[in-house]
Every structure is written in structure tokens, then in C-alpha cells.
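Enquirer: Sending over a structure as C-alpha cells; questions will come in a sec.
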Amino acid sequence: MTQEEFEKIAPGLRKVMKSIGRNFFGNESDADDVAQEGLVALWRYRDRLDAGSTHEGLAIRIAKHCCIDMERRQKEGVLLYGNIPPESMTREMSVALSPQEMMEMEELQTAMDDAFNRLNPSERRLYKFRELEGRGLDEIARETNIPKPSVKSIVAVARKKIFEELKKNLQS
Amino acid sequence: MTHKETEELIAKFLNAETTLEEEKLLALEVSRSGVPKEWKIIAVMLGELAIDEALFDHIMAERAVQKSRFRKPSPRNWWWAAAACLLLLVGVGTPWMYYNNKVKESPLVAVVPATAAQTGMTASGSSPTPAVTMASETYQDPARVTLFIKELAKVYSADSIRLDCPTPKGKDELEIAYLFADNEEQDIIGRLLQVACWYSNRHPGYQMSLNDKQFFFQLKDSRKDIHYQWMAERVRGHILLHCSHTTANSLAFSACYREFRSEIEDNLYIINNHKTIKI
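Structural data, given as C-alpha cells:
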């Protein structure tokens with residue numbers, strides 16, 4: 147998707163994201179932050195977005211993620227733990243991953259990207275629809291004009307390929 | 005979800021047979037800390053967006069349940085409340101009627117000043133006299149509330165934690181905390197409210213307060229000189245119920261409980277808000 151195409155759909159998606167933020171936090175200021183962070187995240191995804199589609203589903207998912215992320219950041223600090231200073235918190239009190247876990251997840255993520263790139267184009271396309279945009283099989287079938295059983299079978303093959311790759315990576 | 009159910013859902017997920025709702029459930033399960041390594045792979049495959057969407061929907065659904073419970077009670081709840089009141093009327097009314105009839109049959113109760121009765125004196129005289137009691141109200145033992153809570157905890161398999169407080173306590177003193185699920189089925193605060201309504205508001209030390217976050221109830225047992233307090237609080241999707249029996253002059257809600265509550269809140273936060281997974 148080009149910058150012009152993105153700019154065309156951005157105002158509509160901003161409204162959707164703001165309304166999700168308003169529902170979650172109950173105030174305008176946090177809702178604005180959600181919309182802002184959401185649009186930035188969506189901008190980062192723009193290369194993977196197809197032009198000509200509204201991408202409202204993806205915008206909703208991103209807005210929900212931003213709400214949870216903002217809530218998580220607020221609660222990680224002093225707000226959650228009252229008068230306990232952040233530097234005195236034990237590892238168990240922090241919701242962030244430990245350095246070892248973080249490294250493990252980063253390795254898995256790299257392996258995930260490699261495995262995704264090794265999928266054939268149709269598997270990659272349908273996998274992206276399903277996992278990134280959170281679309282149902284019926285919706286994907288409608289959008290791509292591929293019969294639902296075929297969509298299901300392609301997504302299953304893609305998932306199994308990625309799973310096996312990641313498993314191998316974890317074992318090695 | 006049990007371990008087996010999660011494994012089954014993972015198999016369905018790999019065969020692309022899961023619905024979006026099932027995938028949300030799966031996302032909540034596999035993103036917890038300390039899960040098997042294969043589950044972590046599924047968490048990475050589902051991605052941060054799916055996991056946070058599942059958390060978001062879960063939080064909003066819980067909020068909706070709480071809102072509807074406190075703002076718009078459903079007609080079904082009113083029927084339950086009416087039935088409970090009727091049961092209370094029958095439960096309290098029957099012994100009261102029985103007691104009234106008995107008084108009519110034996111009018112030879114000595115009349116003594118209230119101060120004499122309170123100090124435990126008995127009436128003396130030539131005629132056979134029954135022991136004098138302050139029979140103006142039936143004795144309602146406050147300890148029954150705690151017994152009721154114990155039964156409730158047993159039925160719903162709630163965790164009970166006896167607080168190990170550093171200050172030595174007498175044999176009748178205790179501090180126990182229970183952790184119940186906060187849901188419509190258990191309706192802990194509603195049930196406690198019904199129990200509190202059973203006691204006469206002229207009971208010594210009677211005090212009750214209720215809001216959407218907290219229920220507080222206290223009674224005194226003048227006979228045993230014990231102060232009873234119960235406090236139920238909504239803490240991160242659970243009801244934390246604190247029962248305290250103390251002698252009248254000791255502090256009811258100890259610093260020990262406050263520490264415990266803060267620990268529980270932290271632990272529940274970690275359980276509820278799974279670890280951050282980067283994609």
C-alpha cells in the first residue's frame with residue numbers, strides 16, 4: 147500500500163481506533179493515545195496491506211493491542227505496586243519477560259519469520275489473512291474466491307509447516 | 005481449561021479447524037507463564053495481536069457482567085431475592101411465633117431491673133421462678149456467619165488461607181481469608197448480604213456497608229467479648245473475603261491482612277495479565 151492510499155483510509159480507521167480506546171479507558175485523552183499509537187503501528191504494517199481494502203478488522207485488533215499495552219505499561223510501574231519503587235520489584239512482580247525468556251522468544255520470532263518466508267505465495271497470503279488480520283475462513287473464501295475447504299486446507303498446511311520449523315529450531 | 009483440553013485445541017488449531025473464538029481461548033491459555041515449550045510456539049504463531057485481542061475481549065466481557073449485575077438487576081435475580089426473603093421470613097417467623105406462644109403459657113416471669121439481669125443475677129422468691137434472661141430478643145450467634153462462609157467455601161472449592169500473623173492470638177481469635185471466583189453463579193456478595201439481613205439491626209455492634217467493590221459487615225458478641233468482622237472485596241476478577249474474630253479491644257483488620265491483600269492482588273495481576281510476547 148502506498149503512502150497516498152494509506153492517508154486515504156487513515157482518518158476512518160482513526161475514528162474506529164479512538165472509539166475502542168474510549169470504550170476501554172473511558173476518557174478522551176487515553177482514547178487519543180490509542181488512536182495515535184494504533185495508526186503508527188498500522189503504518190508499520192502498510193507494506194503487508196493490500197490496497198483497495200478498508201482493513202478495519204486489522205485496525206480494531208491493533209487498537210485492542212494498544213489498549214492492553216498501555217494498561218500493561220501503566221500497571222508495570224508504581225500504579226500497580228503502590229509505594230514499592232520499580233527498582234525494588236522482584237522478577238515475579240514484573241510482567242515483562244526475563245532476559246532468557248526474551249532471548250528465546252526473539253529466536254522463535256526469527257525462526258517464525260524465516261518459516262513464513264519459506265511458505266509458497268498462496269499459503270503466505272492466506273496465512274496472513276488468518277493470523278495477522280484475524281479473518282474467519284468464510285471471509286477469506288469470499289475475499290479470495292477460493293472455496294472454503296481449500297482455504298482451510300491451505301491454512302492447515304501453512305500452520306503445520308511453521309509449527310514443525312519452530313519445533314526443530316527449539317530442539318536445536 | 006485443562007491441559008488435555010488445551011492440547012486438543014492445539015491439534016484443532018494446526019488443522020485449521022478452530023473458530024476465531026476458540027483461538028482467543030487458546031491464546032489466553034498458551035500465553036501464560038511456565039507453559040510447555042510447544043505451547044510457546046503456538047503463542048508465537050498466534051502472535052501478539054491475537055493474544056492481546058483475547059485479553060481485551062476477556063476484560064470487556066468481565067466489565068459488562070459486573071455492570072449488569074450492579075446497575076440493572078435482571079428479573080430473574082429479583083425472583084431469587086424474593087424467594088430468599090420468603091425463606092428468611094419463614095425461618096425467623098416460625099421460632100418467633102413459637103416463642104410468643106410459650107410466653108403466653110408461662111406468665112410467671114419475674115420482672116427485674118435490666119441492670120440486675122445484665123450482671124447475671126437471678127430473681128428470688130417463694131414461688132418457683134424460672135431463670136431470668138434478657139429475653140427481649142433471640143440470641144443470634146455471630147459465629148454462624150463464619151460457619152456459613154466455611155460451607156460456601158467448601159461447596160465452591162474456594163481457597164482458604166489462615167493468615168499467619170506475628171501477633172499471638174487467643175483461642176477464639178482468628179483471621180482467615182477466602183478467595184472465591186467473582187461470578188454470577190457464586191454471587192458471594194449477594195449471599196453475604198442475605199446473611200447480614202437475617203441479623204437484627206439492633207444486634208450489638210451491627211454495622212453493614214455495601215458498594216459495587218466492597219461488602220463490609222460487623223457484629224459483636226457481648227457474651228464472649230468477641231468482635232466479628234467480614235469484608236468481601238472485588239480483586240481482579242475474584243472475591244477476597246476476610247473473616248476476623250478478635251477480642252473487642254484488638255485491631256480487627258491487621259497490617260498482616262493488608263500485606264496479604266497486596267500480595268494476592270499482585271499475584272492475580274500476574275495470572276490475569278499474561279506475559280508480554282513480542283512478535
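Protein chains in written order, with my numbering: chain A, 147 to 318; chain B, 5 to 283.
Positions of the beta carbon are idealized from the N, C-alpha and C atoms, including for glycine.
None of these values were measured; they are calculated from a predicted model.
1. Helix, strand or coil for His207/B per DSSP?
2. Name the residue from Ala20/B, Gly209/B, Ile192/B, Arg36/B whose alpha carbon lies nearest to the alpha carbon of Lys217/B.
3. Can you say whether Lys41/B is buried or exposed, counting buried as having 16 or more other CB atoms within 10 angstroms of its CB?
4. Taking only beta-carbon atoms, is Leu272/A less than 7 Å away from chain B?
5. What residues in the segment 40–58 of chain B have a beta carbon less than 8 Å from any beta carbon of chain A?
6. So which of Gly203/A, Ala205/A, Lys306/A has the shortest CA-CA distance to Leu265/A?
7. Going by CA-CA distance only, name the one from Ile243/B, Cys247/B, Ser248/B that's closest to Glu269/B.
8. In whole angstroms, give me the CA-to-CA distance for Ile206/A and Glu188/B.
9. What does DSSP give as the partner residues of Asp225/B in its beta bridges?
10. With a threshold of 7 Å between beta carbons, is Glu277/A in contact with chain B?
11. Residues of the segment 5–24 of chain B with a CB closer than 8 Å to any CB of chain A: list them in chain order, please.
12. When DSSP builds the beta bridges, which residues end up paired with Ala181/B?
13. Please check if any C-beta of chain B sits within less than 7 Å of the C-beta of Gly172/A.
14. Taking just the CA atoms, how far does Val303/A sit from Phe309/A?
15. What's the C-alpha gap between Thr23/B and Gly282/A?
16. Determine, using beta carbons only, whether Gln198/B and Tyr160/B come nearer to each other than 7 Å.
17. Based on the DSSP output, what are the partners of Glu202/A in its beta bridges?
18. Check whether the Cβ atoms of Gly51/B and Glu277/A sit closer than 7 Å, and answer yes or no.
19. Can you list, in chain order, the residues of its chain whose CB lies under 6 Å from that of Tyr182/B, leaving out five sequence neighbours each side?
20. Roughly how many angstroms separate the alpha carbons of Pro57/B and Glu311/A, rounded to a whole number?
21. Ser213/B: which of Trp234/B, Asp225/B, Arg262/B sits nearest, CA to CA?
22. Applying the criterion that 16 or more other CB atoms from any shown protein chain within 10 Å of the CB defines a buried residue, is Met147/A buried or exposed?
23. Helix, strand or coil for Leu278/A per DSSP?
24. Could you tell me whether any Cβ in chain A is nearer than 7 Å to the Cβ of Met138/B?
25. Tell me which residues share the same chain as Phe262/A and place their Cβ nearer than 8 Å to its Cβ, disregarding the 5 neighbours each side in the sequence.
26. Tell me whether Ser72/B is buried or exposed, calling it buried when 16 or more other Cβ atoms sit within 10 Å of its Cβ.
27. What is the C-beta distance between Ala177/A and Ile208/A, in whole angstroms, given that I count them as a contact (C-beta under 8 Å)?
28. In the segment 245–272 of chain A, which residue ranges form an unbroken alpha helix (DSSP H) of at least 4 residues, counting only runs that do not cross its ends?
29. By DSSP, does Leu13/B sit in helix, in strand, or in coil?
30. Report the start-end ranges of each alpha helix (DSSP H) in the segment 31–77 of chain B that is 4 residues or longer and not cut off at the edges.
31. Check Thr98/B in the structure and name its three-state DSSP category.
32. Please say whether Tyr232/B and Pro99/B have beta carbons closer to each other than 7 Å?
33. Please name the residue, chosen from Glu66/B, Thr142/B, Ala86/B, Met64/B, that lies closest to Gly97/B on a Cα-to-Cα basis.
34. Measuring alpha carbon to alpha carbon, tell me which of Cys213/A, Arg190/A, Trp189/A ends up nearest Lys164/A.
35. With respect to the alpha helix (DSSP H) encompassing Ser318/A, which residues constitute its N-terminal and C-terminal limits?
36. Have a look at Ser266/B and Arg67/B and give me their C-alpha separation to the nearest angstrom.
Expert: Working from what's here:
1. Residue state, collapsed to three classes: coil.
2. Ile192/B
3. exposed
4. no
5. Lys41, Glu42, Lys44, Ile45, Ile46, Val48, Met49, Leu50, Gly51, Glu52, Leu53, Ala54, Asp56, Glu57
6. Lys306/A
7. Ile243/B
8. 29 Å
9. Ile230/B
10. For Glu277/A, the answer is yes, since a Cβ of chain B falls inside 7 Å of its Cβ.
11. Phe17, Leu18, Asn19, Ala20, Glu21, Thr23, Leu24
12. Ile165/B, His246/B
13. no
14. Taking the straight line joining both Cα atoms gives about 10 Å.
15. 7 Å
16. For the pair Gln198/B and Tyr160/B, the CB atoms are not nearer than the 7 Å cut-off.
17. Here Glu202/A is not bridged, per DSSP, to any residue.
18. yes
19. Ala157, Ala162, Ser164, Leu245
20. Inspection of the sequence shows that residue 57/B is occupied by Glu rather than by Pro. When rounded, the distance between both Cα atoms is 26 Å.
21. Trp234/B
22. Classification for Met147/A: buried.
23. helix
24. Any reading at Met138/B needs caution, since the residue's pLDDT is 42, under 50, leaving its predicted position unreliable; the model's value is listed next. Not closer than 7 Å to any Cβ of chain A, the Cβ of Met138/B fails to qualify, so no.
25. Apart from sequence neighbours up to five positions away, the residues of its chain that approach Phe262/A with a beta-carbon distance below 8 Å are Arg270, Tyr273, Ile308, ordered along the chain.
26. exposed
27. Between Ile208/A and Ala177/A the Cβ distance is about 14 Å, and since that is not below 8 Å, they are no contact.
28. Taking 4 residues as the minimum length, the alpha helix (DSSP H) runs contained wholly in the segment 245–272 of chain A are 245–264, in order along the chain.
29. helix
30. 41–75
31. In the structure shown, the three-state DSSP call for Thr98/B is helix.
32. no
33. It is Thr142/B.
34. Cys213/A
35. Neither: Ser318/A is in no alpha helix (DSSP H) and is coded neither H nor E.
36. Approximately 22 Å, taken between the alpha carbons.
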